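Number of protein chains: 2
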Amino acid sequence: MNISIAHLGPPGNYSEQAAFFYINWLAKTTKEPAILCPYPSIAQSIKAVAQGQAQLAVIPAENSIEGSVTMTMDAMWQLDNLQIRLALIMPIVHVLISCAADLGNIKTVYSHPQALAQCQGWLERYLPNVQLIATNSTTEALEVLETDLSAAAISSERAAQLYNLPTLASGINDRPENCTRFWVVSQNQVNKSKNLEGQFLASSPNASHTSLAFSVPANVPGALAKALQVFANLGINLSRIESRPTKRSLGEYLFFIDIEANFNEPLIQPALTELLTYTEVLKIFGSYNVLSTDAI
Amino acid sequence: MNISIAHLGPPGNYSEQAAFFYINWLAKTTKEPAILCPYPSIAQSIKAVAQGQAQLAVIPAENSIEGSVTMTMDAMWQLDNLQIRLALIMPIVHVLISCAADLGNIKTVYSHPQALAQCQGWLERYLPNVQLIATNSTTEALEVLETDLSAAAISSERAAQLYNLPTLASGINDRPENCTRFWVVSQNQVNKSKNLEGQFLASSPNASHTSLAFSVPANVPGALAKALQVFANLGINLSRIESRPTKRSLGEYLFFIDIEANFNEPLIQPALTELLTYTEVLKIFGSYNVLSTDAI
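Chains A and B supply the protein sequences, listed in that same order.
Residue 82 in this note's numbering sits at position 51 of the first sequence, and the numbers go up by one each step.
Residue 46 in this note's numbering sits at position 15 of the second sequence, and the numbers go up by one each step.
#1: Spatial neighbours of B/Val80 within its chain, please: CB distance less than 8 Å, with the 5 preceding and 5 following residues excluded, ordered by chain position.
#2: Pull up the distance between the alpha-carbon of B/Asn195 and that of B/Thr103, whole angstroms please.
#3: Residues of chain B with a CB under 9 Å from the CB of A/Cys210: which are they?
#4: Could you check the C-alpha separation between A/Asp111 and A/Glu63 for me, to the nearest Å?
#5: Taking a contact to mean a Cβ-Cβ separation below 9 Å, would you say B/Leu259 touches B/Ser274 in this structure?
#6: Quick one: does B/Val175 have its CB under 9 Å from some CB of chain A?
#7: Taking the alpha carbon of B/Tyr45 as the reference point, which residue from B/Asn94, B/Glu296 and B/Ala58 has its own alpha carbon closest?
#8: Tell me the residue span of the beta strand (DSSP E) that contains B/Val80.
#9: With distances taken Cα to Cα, identify the nearest neighbour of B/Asn237 among B/Pro297, B/Ile34 and B/Thr139.
#10: Give a yes or no on whether 9 Å exceeds the smallest Cβ distance from A/Pro159 to chain B.
#11: Give the residues of chain A in contact with B/Glu93, contact being defined as C-beta atoms less than 8 Å apart.
#12: Using the Cα positions of A/Pro41 and A/Ser186, report the straight-line distance between them to the nearest angstrom.
#13: Using the three-state DSSP reduction, which class does B/Ser224 fall into: helix, strand or coil?
#14: Between which two residues does the alpha helix (DSSP H) carrying B/Val175 extend?
#15: Over what stretch of residues does the alpha helix (DSSP H) that includes A/Val261 continue unbroken?
#16: Secondary structure at B/Met121, three-state DSSP: helix, strand or coil?
#17: Alpha carbons only, please: which of A/Pro197, A/Asn167 and A/Thr277 is nearest the one belonging to B/Arg206?
#18: Just to make sure I have the definition right: I need the residues of chain B whose C-beta is within less than 7 Å of the C-beta of A/Asn268. Which are they?
#19: Examine chain A for any beta-carbon lying closer than 9 Å to the beta-carbon of B/Ser99, and answer yes or no.
#20: Just the Cα atoms here: how many angstroms apart are B/Cys210 and B/His125?
#21: I'd like to confirm the pairing. Which residues does DSSP put opposite A/Gly202 in its beta bridges?
#22: State buried or exposed for A/Pro71, treating a residue as buried only when at least 16 other CB atoms are found within 10 Å of its CB.
#23: By the criterion of Cβ-Cβ separation under 8 Å, what are the contact partners of A/Ala263 in chain B?
#24: Between the segment 143-150 of chain B and the segment 167-180 of chain B, are three or more C-beta pairs nearer than 8 Å?
#25: Would you mind sorting B/Met32 into buried or exposed? The rule is 16 or more other CB atoms within 10 Å of its CB.
#26: With H, G and I counted as helix, E and B as strand and the rest as coil, what does DSSP make of A/Arg275?
#27: Measure the alpha-carbon distance for B/Asp105 versus A/Ala165 and round it to whole angstroms.
#28: Helix, strand or coil: how does DSSP classify B/Glu93 here?
#29: Would you decide whether B/Gly43 is buried or exposed? Buried here means 16 or more other CB atoms lie within 10 Å of its CB.
#30: Please list, in chain order, all residues of the same chain as B/Ile77 whose beta carbon is under 8 Å from its beta carbon, the five residues on each side excluded.
#31: Compute the Euclidean distance between the alpha carbons of B/Leu227 and B/Phe213, then round it to the nearest angstrom.
#32: I need the boundaries of the beta strand (DSSP E) containing A/Ile290, first residue and last residue.
#33: Rounded C-beta distance between A/Glu305 and A/Val247? I'm assuming under 8 Å.
#34: Contact criterion: CB-CB distance below 9 Å. Does B/Ser224 meet it with respect to chain A?
#35: Please name the residue in A/Val251, A/Gly266, A/Ala249 and A/Thr241 whose C-alpha comes closest to that of B/Gly253.
#36: Nearest-angstrom Cα distance between A/Ala233 and A/Asn295?
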C-alpha cells in the first residue's frame, strides 16, 4: 500500500517539489513507496491528514524572505491531532521559462507577486521594458506560454521539466540564500492541550528540534518573557518565534516557537510542566529532525 | 498649504477610509486642511513620506484576524527617518455591493481573497450557489458591476458611496470584531539606530504607546527573553510582539514590539539604554496615542 502525501497543488510548485524530494528520501531510506496527492490550498492539504484522507502532508512553514506561512500556523493551531515528523529545508531557485528564442523577444513576464518581487533586480537589469503580470501561482503563469511566444513565466526548474517547457535563465532570484522550510506532518492520536504525559513516544530519540505554540493570559506584563525564560534558564536556543493574532481582539496573540531540543530529553519535560503555569493553552507539535533537500 | 496624506489607493479601500477619518479628525481638532494622495502600494505610500513627497502617510499595521501587515513592518525597518504620530483603530465592515435587484439574481461574487474568506459563512448561508472570483483589491471588484447585473462585489460602505453603487447587505463579515490598526507616520530627522539621546522631543507628553523594533545576536540562548525582561521588570505590558525574518538566513529575526508606555516617562529611558546591551540594532518608532475611528 502506497503512503499518500498531501501537498498544495498543482504539480511543479515549490510545495510539490518539496513533497517530491521527500518521496525520493523515503525511497532511499525506508524503501516505502508513496504517491503525491495535490490539494487546492495549504489548509486543505493539512485537513486531509487530520481527517485521514492522506497519511502525510508536506506543508510550507516559513520562507527566509517572506516569513511564516500564516495559513500553516493557523491550521496547526486549530487542528488538534497533528504531529510534525520532519522538517525539510529547500532552496528556492526561480527560473525564467519561455518559448521565445531569446530574452530580446520577451514582452510580458507572468508570475506570483512574491516571485516577481524576489526577481525584481534581475528583471530590471535584463528585461527593463517588459510588462509584469501577477498570477495566483507560479504554475498558473505557465498556461499562456505555448500560445504567446513573447511571454515568459517565473517558476521552478521542476515546473519547466514537468510541463516540458524551455528555460531561458536560471537562478534569477536577487537573493541566492532564499529558502523555505517545509514540515512533514502526520496524525497524532494523543490530545495535546494541557496534558503532556505520554506524548510523542513515537518521536525519534535523536530528534533535534521541537515545535510548540501557546497563548498567554491577556494584559499580564511579562507573561511572554516568563514563558521564554523557561528555555533561557536551560540554555536552550529558540530557532524561531512567531506571533499570530488569536482572532479574538487586537493585542491578543498566540506564540509559535521552535526550540533546539528534543522533547524526550530529561530536562525538557519539567520545563514544559513549568511552561504550563505561564500559558493559557499549550500545544506541542512534536520533535523532529531537519533535513536539507541538498542532501537528498 | 494643505497637508498631504499618502495612502494605498484606489479611493474606497480601507486604507483610504482610515486616511479619510484622519482628515476629518484634523478638521475637528487642529482645523488643518489636508488632501489625500493615493499610491499604488503600501511601500510606496511610506516611501513618499520618507522622501518628502508627502507629509504624512496612513498605513495599515495589523488586522485582528490576518495579523501584521508584513510590508509595513519591512518598510518601517528599512527606512530610517520615520516616526509614528498616532494609531487609528478602525472596524472593518464588509458590505455586498451589486446592481442586481435582489440576492436571488446574483451568480458571481468578486473580491480580494481575504475579504471573500472573511465573509465565507455569510456567503454559504445566503449565496450558497454563486461562483467566487478573486480580485487584486476590494475596489477592483467593483469594476464589473455596472455591466454585469448578476455580479456582486464585497467591499466597504465608503466604496459603495464613492462609486455611487447600491448596497444589498451590510456587515456581512463572519467576525464582527474584525478591525485594523493603522499608523499615521511622518518624517523624523533624528537618527534612530543605537542612539537614543534627544529623540522624540516632539512626541506628545501624554502618549500611551511606544513602538520599537530590534534584532538580537544570532544563536544566543535567551537573547529575546532578556530583552523582554527589561519591560517585565518595569511592569510594562507589551500590547504586541511580531517577528520578521532578517532576510539573511532562516532562524534570524527582527522583533517589532509595542509597549504600553510613553517614551518620555522617566523610567523608560534607562530601560531602553539597558535594552541596547541585549540588542544588535534598536530602532524606536515613536510614542503616540491610540484613537478609535468610532470616536471621530
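Just so it is clear, CB atoms sit at the ideal spot from N, CA and C, and this is done for glycine as well.
Small disclaimer: the values here were computed from a predicted structure and weren't measured.
So, from the listed chains and residues:
#1: The residue labelled residue 80 of chain B in the question sits at position 49 within the second sequence. Within the same chain, Cβ atoms closer than 8 Å to the Cβ of B/Val80 are found at Ala37, Gln86, Leu87, Ala88, Leu113, Val216, Ser217 and Gln218, the five residues on either side in sequence being excluded.
#2: Walking along the second sequence from the start, residue 195 of chain B turns up at place 164. Walking along the second sequence from the start, residue 103 of chain B turns up at place 72. If I take the Cα positions, the gap works out to 31 Å.
#3: To locate residue 210 of chain A, count along the first sequence from 1; it is residue 179. Within 9 Å of the CB of A/Cys210, the CB atoms of chain B belong to Ser280 and Leu281, in sequence order along the chain.
#4: Position 80 of the first sequence, counted from the first residue, corresponds to residue 111 of chain A. Position 32 of the first sequence, counted from the first residue, corresponds to residue 63 of chain A. When rounded, the distance between both Cα atoms is 27 Å.
#5: Working through the second sequence from its first residue, we reach residue 259 of chain B at position 228. Working through the second sequence from its first residue, we reach residue 274 of chain B at position 243. Between B/Leu259 and B/Ser274, the C-beta gap is not smaller than 9 Å, which leaves the two residues out of contact.
#6: As a working mapping, residue 175 of chain B is identified with position 144 in the second sequence. Cβ-Cβ to chain A under 9 Å: no for B/Val175.
#7: Position 14 of the second sequence, counted from the start, is the residue given in the question as residue 45 of chain B. Comparing Cα-Cα distances from B/Tyr45 to each of B/Asn94, B/Glu296 and B/Ala58, the minimum goes to B/Asn94.
#8: Counting from 1 along the second sequence, the entry for residue 80 of chain B is found at position 49. In the DSSP assignment, B/Val80 falls outside any beta strand (DSSP E) and within the unbroken alpha helix (DSSP H) covering Ile73 to Ala81.
#9: Counting from 1 along the second sequence, the entry for residue 237 of chain B is found at position 206. If you compare the alpha carbons of B/Pro297, B/Ile34 and B/Thr139 with that of B/Asn237, the shortest gap goes to B/Pro297.
#10: Counting from one through the first sequence, the residue named residue 159 of chain A turns up at place 128. So, not an interface residue.
#11: Counted from its first residue, the second sequence places residue 93 of chain B at position 62. Per Cβ cutoff of 8 Å: Pro276 and Leu281.
#12: Here residue 41 of chain A refers to the residue found at position 10 of the first sequence. Here residue 186 of chain A refers to the residue found at position 155 of the first sequence. Looking at the two C-alpha atoms, the distance is approximately 12 Å.
#13: The residue labelled residue 224 of chain B in the question sits at position 193 within the second sequence. Bear in mind that the predicted position of B/Ser224 carries a pLDDT of just 43, short of 50, making it too unreliable to give a figure here.
#14: For this step, residue 175 of chain B is matched to residue 144 along the second sequence. B/Val175 -> no alpha helix (DSSP H), and no H or E assigned at all.
#15: Start at 1 with the first residue of the first sequence, and residue 261 of chain A comes out as number 230. Following the DSSP letters along the chain, one finds A/Val261 inside the alpha helix (DSSP H) bounded by residues Ala254 to Asn264.
#16: The residue you call residue 121 of chain B lines up with position 90 of the second sequence. DSSP places B/Met121 in strand when its eight states are reduced to three.
#17: Here residue 206 of chain B refers to the residue found at position 175 when the second sequence is read from its first residue. If you compare the alpha carbons of A/Pro197, A/Asn167 and A/Thr277 with that of B/Arg206, the shortest gap goes to A/Thr277.
#18: Walking along the first sequence from the start, residue 268 of chain A turns up at place 237. Annotation: Cβ neighbours of A/Asn268 in chain B (cutoff 7 Å, chain order): Asn250 and Pro252.
#19: Looking up residue 99 of chain B in the second sequence gives position 68. At a cut-off of 9 Å between C-beta atoms, B/Ser99 counts as an interface residue with respect to chain A.
#20: For the purposes of this step, residue 210 of chain B is taken as residue 179 along the second sequence, with counting starting at 1. For the purposes of this step, residue 125 of chain B is taken as residue 94 along the second sequence, with counting starting at 1. Taken atom to atom, the span from the alpha-carbon of B/Cys210 to that of B/His125 is near 11 Å.
#21: Against the first sequence, residue 202 of chain A aligns to sequence position 171. Under DSSP, A/Gly202 forms no beta bridge with any residue.
#22: Reading the first sequence from its first residue, position 40 is the one you call residue 71 of chain A. Result: exposed.
#23: One-based indexing of the first sequence puts residue 263 of chain A at position 232. Residues of chain B passing the Cβ test: Pro252, Gly253, Ala256 and Lys257.
#24: When C-beta atoms of the segment 143-150 of chain B are compared with those of the segment 167-180 of chain B, three or more pairs fall below 8 Å, so the two segments count as touching.
#25: Counting from one through the second sequence, the residue named residue 32 of chain B turns up at place 1. Under this definition B/Met32 is an exposed residue.
#26: For this step, residue 275 of chain A is matched to residue 244 along the first sequence. The answer is strand: DSSP assigns A/Arg275 an E or B state.
#27: Start at 1 with the first residue of the second sequence, and residue 105 of chain B comes out as number 74. Start at 1 with the first residue of the first sequence, and residue 165 of chain A comes out as number 134. Spanning the two alpha carbons is a distance of roughly 21 Å.
#28: Working through the second sequence from its first residue, we reach residue 93 of chain B at position 62. The answer is strand: DSSP assigns B/Glu93 an E or B state.
#29: In the second sequence, counting from the first residue as 1, residue 43 of chain B sits at position 12. Result: buried.
#30: On the second sequence, position 46 is the one that residue 77 of chain B refers to. Closer than 8 Å at the Cβ level, and outside the excluded window around B/Ile77, lie Ala37, Ala88, Ile90, Thr103, Ala106, Met107, Leu110, Leu113 and Val216.
#31: For the purposes of this step, residue 227 of chain B is identified with residue 196 of the second sequence, where counting begins at 1. For the purposes of this step, residue 213 of chain B is identified with residue 182 of the second sequence, where counting begins at 1. With a pLDDT of only 45 at B/Leu227, under 50, the local geometry of the prediction cannot be trusted, and no value is derived from it.
#32: Sequence index remark: in the first sequence, residue 290 of chain A carries index 259 (1-based). A/Ile290: member of the beta strand (DSSP E) spanning Tyr284 to Ile290, first to last residue.
#33: The count along the first sequence starts at 1 and reaches residue 305 of chain A at position 274. The count along the first sequence starts at 1 and reaches residue 247 of chain A at position 216. The C-beta distance from A/Glu305 to A/Val247 rounds to 14 Å, too long to fall under 8 Å, and the pair is not in contact.
#34: Here residue 224 of chain B refers to the residue found at position 193 of the second sequence. Summary for B/Ser224: the model assigns pLDDT 43, below 50, so the residue's position carries little reliability; its value from the coordinates is reported in the next sentence. It does not; no Cβ of chain A falls within 9 Å.
#35: By 1-based counting over the second sequence, the position of residue 253 of chain B is 222. Closest by alpha carbon: A/Gly266.
#36: Within the first sequence, numbered from 1, the residue matching residue 233 of chain A stands at position 202. Within the first sequence, numbered from 1, the residue matching residue 295 of chain A stands at position 264. Note that A/Ala233 scores 46 on pLDDT, short of 50, meaning its location in the model is unreliable and no value can be drawn from it.
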